[in-house]
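Engineer: Quick one: this structure, given as structure tokens, is what I'll be asking you about.
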Amino acid sequence: MEISTVSDEEIIKLWDESKIFESEIVHKKPKYFITVPYPYTSGALHIGHARSYTLGDVTARYYRLKGFNVLFPMAFHITGTPILAISKRIAQDDKKMLAMHKEYVSIYEEDENKINEIVESFKNPEALANYYAKVIIADFKRMGYSIDWRRKFNTGEKFYNKFVEWQYKKFATQNLIIKGKHAVYFCPSCNNPVTTDDIKGGDELDIKMTEYYLIKEKIASENAHENCYLIAATLRPETVFGITNLWVNPEKIYVKVNVRNAGIDEMWLVSKKASEKLKKQGFEVNIIDEFKGENLIGKKAMTPLTNKEVEILKANFVDDDVATGVVNSVPGHAPYDYVALRDLGINFAQEPNFRMIDSKIKVEEVVKGIKNQTDEKLEDVTQELYKDEFYNGLMNENCGEFKGMKVAVAKEKVAERLKSLNLLSKIYENGIKDKDGDVIKGTCRCGTELEIRVLEDQWFLNYADDGWKNLAKKILKSIKIDPEIYRTGFVNAIEWLHEWPCTRNRGLGTKFPLDNKWMIESLSDSTIYMAFYTIAHLLRNLTVEELDNKFFDFVFLGKKFDGCEKYKNIRETFLYYYPMDERRTGIAHISNHLTFSLFHHAAIFPENLWPKKISLNEMLISEGKKMSKSLGNVIPLKNACEKFGADTVRLHLCYAADTSSTLDWKEKDVLATKSKIDEFVNFIKSVDGYASYEYRDMDKWLISKFNRHLEEFLNLMDKSEIRGAVQKIFYEFFNDIKWYLRRTEPNKKVPKEISEEWVKVMSIFIPFTCERLWGYIGKGNFVSAEGSLKVDKEAINENAESMENMLIELIDNVRNFVKLIEKHKKPTKVFIYFAEDWKRELFSEIKKGKGIKDVMADEKFKRHSKDVINMMKKTHQQDIKFIPTIEEEGGKIEGAKEFLEKELNLKVEIDVNADYDPKETRKFAMPLKPAIYIE
RNA sequence: GCGGGGGUACCCAAGCGGUCAACGGGGCAGGACUUAAGAUCCUGUGUGCGUAAGCCUUCGUGGGUUCGAUUCCCAUCCCCCGCACCA
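Each residue of the first sequence is one higher than the last, beginning at 2 in our numbering.
Written out as structure tokens, the structure reads:
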């Protein structure tokens with residue numbers, strides 16, 4: 002087949018057949034193992050996904066071209082609830098979900114019936130995952146990704162489960178997994194915990210739960226033997242120092258309940274509704290007595306830490322369905338309390354502990370304009386005051402040992418203190434207050450309002466473990482981060498990570514090996530799977546039973562067992578590819594996935610197998626806006642490929658922005674990239690057919706330029722500065738080509754060697770185009786399989802480049818003057834003069850690093866002292882690379898005389914001795930910068 | 001508030017102590033080619049001045065360090081992202 006004319010699709014087929022992207026051990030060759038996170042198979046890929054993958058593929062191709070044995074694998078993530086949630090909603094005939102997936106499927110299918118049939122099949126989560134995996138593979142191939150597909154798998158497959166189980170058993174033996182309490186959203190009618198995917202509007206709304214601190218305030222009881230507490234709920238435990246009274250709603254039902262706390266029975270007074278919530282949130286609660294709130298009014302309770310008796314007052318604004326229905330009144334710092342007391346006509350400002358936080362904004366000031374406790378503005382001023390106090394406020398002398406502490410710090414400290422005195426507990430409420438003070442509560446997709454339950458036996462990865470943290474820090478020290486600016490992100494992430502709940506009640510993936518009722522959470526099963534890639538295809542030949550702990554211990558850690566010989570090649574394969582040389586992904590993953598990956602590598606693998614480099618890129622937006630379904634500006638990857646061609650999409654993703662800035666996908670710019678590729682094709686084709694011949698000067702210049710750009714290109718690629726690399730080898734070299742063509746017209750012969758090398762390098766970015774061109778220029782095999790790329794350093798000719806540069810600048814200069822002169826008369830002739838020999842000698846002195854004093858010692862310079870000082874001021878040692886003789890300069894211009902005359906439309910007179918110099922312009926001439934006179 | 005990143009010409013965007021009036025792309029204007037359009041190529045594109053190698057003012061704003069700052073330091077204003085159990 003004539004490859005020079007075939008379509009992208011046919012090239013993909015040829016690549017597949019030739020297996021050039023399948024990597025096998027080659028001991029003589031250096032290897033390069035690069036991965037990009039596997040996609041989640043719940044929908045079609047869009048152009049935003051393609052950025053990381055394309056940069057990953059470009060890197061893979063780059064190293065392949067440099068002669069590395071590259072492994073670039075891919076798999077699919079199906080762990081977690083989203084796929085299940087979609088299936089369920091499709092099964093329930095959810096219109097929105099159906100429409101969305103019909104749209105996705107219609108990207109790939111034309112026939113309406115077929116589309117419906119496929120979406121119908123999505124009722125089965127497995128079918129959904131498989132379908133999208135299939136189309137993603139097609140998309141990746143269409144994009145020309147050089148992936149070794151033999152290693153693909155999905156995270157629900159048995160052999161992968163075995164691998165993850167092995168990993169978690171390892172953590173268990175290292176005591177890195179702990180068990181504890183964890184609050185979750187729970188749907189009472191579905192009878193299971195829910196995640197974002199099950200919450201109505203969960204993907205758009207920010208549904209969160211509110212964590213209330215329960216503060217136990219001792220209250221007298223008829224029974225002197227029991228410990229009885231009024232349980233006030235607050236978001237601000239540090240304000241206990243400012244409590245002047247308590248609020249209870251007289252109209253609502255309250256209860257006295259027996260709560261068993263750490264084996265001790267206590268009596269709590271809370272609203273009846275609160276008692277039910279407490280039960281659900283893991284408290285052992287028995288109702289002893291039930292009464293109206295008014296029964297509590299007038300009684301006194303003791304505030305903790307300060308041990309002050311305060312009175313319970315009535316307040317109708319207290320909601321018995323929020324937390325406990327008992328509220329601390331802190332008028333000095335809570336506008337609501339201030340206004341409520343003012344409404345009651347109670348004077349409280351005399352209380353010695355009225356003010357307990359010093360900050361700029363004062364409660365008395367913010368409430369000035371507030372009419373009464375139902376005023377809507379109260380919410381605004383509360384937020385304003387709280388924000389100021391929290392971030393800028395300091396605890397004052399009323400706060401005992403906490404005096405002088407920042408409020409933000411004191412909040413934690415006071416809570417800890419109360420906890421240690423057994424005077425603090427927590428309760429969770431559905432929803433969090435938004436900016437307007439409205440509580441947005443989570444509702445299950447089934448329509449039921451969610452409640453909060455506290456799970457007692459949730460499993461956590463204990464990232465707070467000091468030993469583990471230190472290992473993660475150590476790994477970070479040794480790993481390369483590109484661009485380096487993101488390193489602090491990792492430092493912070495490692496520092497802040499603590500217990501991470503790593504199990505879920507539901508979802509696809511791997512069962513938690515220590516407790517089979519749990520599933521491993523989706524971020525937690527994807528931390529060291531890069532190691533799995535190296536051997537995934539070999540494991541297919543084994544039975545699942547064989548993949549036990551011994552097996553993985555041997556393959557990954559080298560622990561031998563009887564019969565391990567059989568798996569020697571698997572161990573060898575792993576060791577050949579590991580450690581991973583590079584992981585490429587978006588910066589959004591720094592705070593979780595990537596940092597988890599560091600932790601897990603550190604815990605499982607020996608130091609010599611830790612990953613070597615993480616390369617990162619920013620996100621992508623479209624025409625200045627974030628891509629989102631609601632804006633309808635999501636561009637499916639397949640559509641982009643069809644519209645612009647995969648090569649254009651690839652090159653544009655590489656060139657349109659630096660990796661560390663957001664890439665704005667603008668159609669206008671994409672089209673410009675496309676036409677640049679067309680230009681490239683035309684150029685390479687125009688080269689065809691010329692045999693090698695004696696190089697002319699301009700050929701040497703072009704070869705020099707090419708090699709210089711190539712050298713810079715290699716440097717930039719090694720630093721993952723892909724945009725800069727493209728600019729050098731494509732855009733800048735293109736400008737050189739244009740110049741070359743102008744200079745050598747009409748004899749448009751470009752050295753064939755350059756076009757070959759150029760096609761090779763460009764195949765990294767635009768592989769389809771280059772594959773065709775490779776065929777066109779008569780090379781066999783695939784350019785994508787080429788494994789050599791060398792800079793011909795010998796060919797880089799600094800002097801030739803400088804001389805050509807002189808010419809370019811000369812033209813510029815002449816044009817400038819022509820513009821000026823044209824206003825007065827029509828120029829016809831240009832005289833060119835060259836710098837006198839003494840200037841050349843002076844340059845050579847400067848180049849040697851001589852100073853003014855050294856130079857002035859010489860009589861021949863002293864004569865021109867004024868000019869010498871001037872020149873030395875302007876000219877720096879490092880700027881002087883080459884000092885030609887007058888003859889060389891003259892020769893260069895002479896050789897280009899015809900060209901100059903044509904370009905400038907002037908007669909050119911080369912006056913080496915400046916015999917005719919009416920305005921004495923020769924004095925302006927410098928080495929490599931001839932002077933000109935125009936008339 | 002904390003943490004991170006950033007503010008560069010009409011727009012996007014590189015530069016991160018001297019070669020910078022500032023790479024590259026887009027746009028715009030003029031020219032070549034063409035019956036025309038398109039494509040392609042060339043030229044120009046901060047301002048004001050100059051028939052001669054320059055001068056003036058400019059890289060958010062205001063200071064400072066330096067022989068020299070778009071680049072370093074300080075202050076200040078503005079924008080974006082993260083602050084978690086969500087993939």
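Backbone N, C-alpha and C fix where the C-beta goes; we use that ideal spot for every residue, glycine too. Quick caveat, the model's predicted, so the values are computed rather than measured.
What is the rounded straight-line gap between the Cα of I723 and the Cα of E713?
Structural biologist: So the two alpha carbons sit approximately 11 angstroms from each other.
Engineer: Pick from A45, C771, Y54 and S24: whose alpha carbon is nearest that of V37?
Structural biologist: Of A45, C771, Y54 and S24, the residue nearest in Cα terms is Y54.
Engineer: Let me know if E65 comes out buried or exposed under the rule of 16 or more other beta-carbons within 10 Å of its beta-carbon.
Structural biologist: Residue 65 is actually Arg in this sequence, not Glu. By the neighbour-count rule (16 or more Cβ atoms within 10 Å), R65 is buried.
Engineer: For N814, does the three-state DSSP call read helix, strand or coil?
Structural biologist: Residue state, collapsed to three classes: helix.
Engineer: L632 to A726, Cα distance in whole Å?
Structural biologist: Distance between the alpha carbons of L632 and A726 is about 34 angstroms.
Engineer: May I ask which residues mark the beginning and end of the beta strand (DSSP E) holding R584?
Structural biologist: Its beta strand (DSSP E) spans residues E583 to G587.
Engineer: Does the segment 480–491 come into contact with the segment 219–228, if we say contact requires no fewer than three beta-carbon pairs (one atom in each stretch) closer than 8 angstroms?
Structural biologist: Short answer: they don't touch.
Engineer: Would you call the segment 351–367 in contact with the segment 275–290, where contact means no fewer than 3 C-beta pairs closer than 8 angstroms?
Structural biologist: The segment 351–367, when compared against the segment 275–290, does not touch it at the 8 angstroms Cβ threshold.
Engineer: Taking C503 as the reference, which of P928, F172 and V913 has the closest Cα?
Structural biologist: Residue F172 is the option with its Cα nearest to C503.
Engineer: Identify, in the order they occur along the chain, each residue of the same chain with its Cβ nearer than 7 angstroms to the Cβ of L610, setting aside the five sequence neighbours on each side.
Structural biologist: Cβ neighbours of L610 beyond the five flanking positions: Y579 and P580.
Engineer: Considering only residues of the segment 254–282, which uninterrupted beta strand (DSSP E) runs meet the minimum length of 3 residues and lie entirely inside it, listed in chain order?
Structural biologist: Fully enclosed beta strand (DSSP E) runs of 3 or longer: 254–262 and 265–272.
Engineer: What residues in its chain sit with their C-beta under 6 angstroms from that of R446, if we drop five residues either side in the sequence?
Structural biologist: Closer than 6 angstroms at Cβ, skipping near neighbours: D199 and K201.
Engineer: Would you kindly work out how many angstroms separate the C-alpha atoms of P305 and G370, rounded to a whole number?
Structural biologist: Each residue's alpha carbon lies about 33 angstroms from the other.
Engineer: Considering Cα atoms alone, identify which of E267, E239 and T240 is closest to A225.
Structural biologist: If we check each option's Cα against that of A225, E267 comes out closest.
Engineer: Would you kindly work out how many angstroms separate the C-alpha atoms of I833 and K753, rounded to a whole number?
Structural biologist: Near 35 angstroms, if we compare the C-alpha coordinates of K753 and I833.
Engineer: Leaving out five residues before and five after N634 in sequence, what residues of the same chain have Cβ atoms less than 8 angstroms from its Cβ?
Structural biologist: So the qualifying residues of the chain are S623, E624, K626 and M628.
Engineer: Specify, as a first and last residue, the run of the beta strand (DSSP E) that Y33 falls within.
Structural biologist: Segment K32 to T36, the beta strand (DSSP E) holding Y33.
Engineer: So what does DSSP say about C771, is it helix, strand or coil?
Structural biologist: Note: C771 maps to helix in three-state DSSP.
Engineer: Label E18 either buried or exposed according to how many other C-beta atoms from any shown protein chain fall within 10 Å of its C-beta, with 16 as the threshold for buried.
Structural biologist: Exposed: under 16 other Cβ atoms inside 10 Å.
Engineer: What residue ranges within the segment 541–584 form continuous beta strand (DSSP E) runs of no fewer than 3 residues, ordered along the chain?
Structural biologist: You should have found no qualifying run.
Engineer: Does the ligand GDP have a heavy atom nearer than 7 angstroms to the CB of S764?
Structural biologist: Among the components of this structure there are no ligands whatsoever, and the ligand GDP is therefore not found.
Engineer: Quick check on DSSP: helix, strand or coil for G145?
Structural biologist: In the structure shown, G145 sits in coil (DSSP, three-state: anything other than H, G, I, E or B).
Engineer: Report yes or no: do the segment 63–81 and the segment 589–597 share at least 3 C-beta pairs separated by less than 8 angstroms?
Structural biologist: Contact fails: fewer than three Cβ-Cβ distances are below 8 angstroms.
Engineer: Give the DSSP-derived three-state secondary structure of Y696 in the structure shown.
Structural biologist: DSSP places Y696 in coil when its eight states are reduced to three.
Engineer: For the putative contact between V327 and I232, defined by C-beta atoms under 8 angstroms, what is the C-beta separation to the nearest angstrom?
Structural biologist: About 6 angstroms separates the two Cβ atoms, so the contact holds.
Engineer: Report yes if the CB atom of F22 is closer than 8 angstroms to the CB atom of D149, and no otherwise.
Structural biologist: Contact: yes.
Engineer: Could you check where the beta strand (DSSP E) with W460 kicks off and where it finishes?
Structural biologist: Its beta strand (DSSP E) spans residues E452 to N463.
Engineer: Determine the closest residue to N454 out of E352, K470, K281 and G299, with distance taken between C-alpha atoms.
Structural biologist: Sequence check: residue 454 is Arg here, not Asn. That would be K281, whose Cα lies nearest to the Cα of R454.
Engineer: Which partner residues of V909 appear in the DSSP bridge assignment?
Structural biologist: The partner list for V909 (beta bridge, DSSP) reads V831.
Engineer: What first and last residue would you give for the alpha helix (DSSP H) that runs through K893?
Structural biologist: Where K893 is concerned, the enclosing alpha helix (DSSP H) stretches over I887 to G896.
Engineer: With DSSP as the reference, identify every bridge partner of D9, one or two as the case may be.
Structural biologist: DSSP, once it has assigned bridges, lists no residue as partnering D9.
Engineer: Would A494 be called buried (16 or more neighbouring beta carbons within 10 Å of its own) or exposed?
Structural biologist: With 16 or more other Cβ atoms within 10 Å, it is buried.
Engineer: Can you have a look at P885 and say buried or exposed, based on whether 16 or more other CB atoms are within 10 angstroms of its CB?
Structural biologist: P885 comes out buried.
Engineer: Would Y741 and M807 qualify as a contact pair, given that the criterion is a beta-carbon distance under 8 angstroms?
Structural biologist: It is not a contact, given that the beta carbons lie outside the stated cut-off.
Engineer: How is V185 classed by DSSP in three states: helix, strand or coil?
Structural biologist: Strand at V185.
Engineer: Could you name each continuous alpha helix (DSSP H) segment of 4 residues or more that falls completely within the segment 494–543, going from the start of the chain to the end?
Structural biologist: Whole alpha helix (DSSP H) segments, 4+ residues: 530–540.
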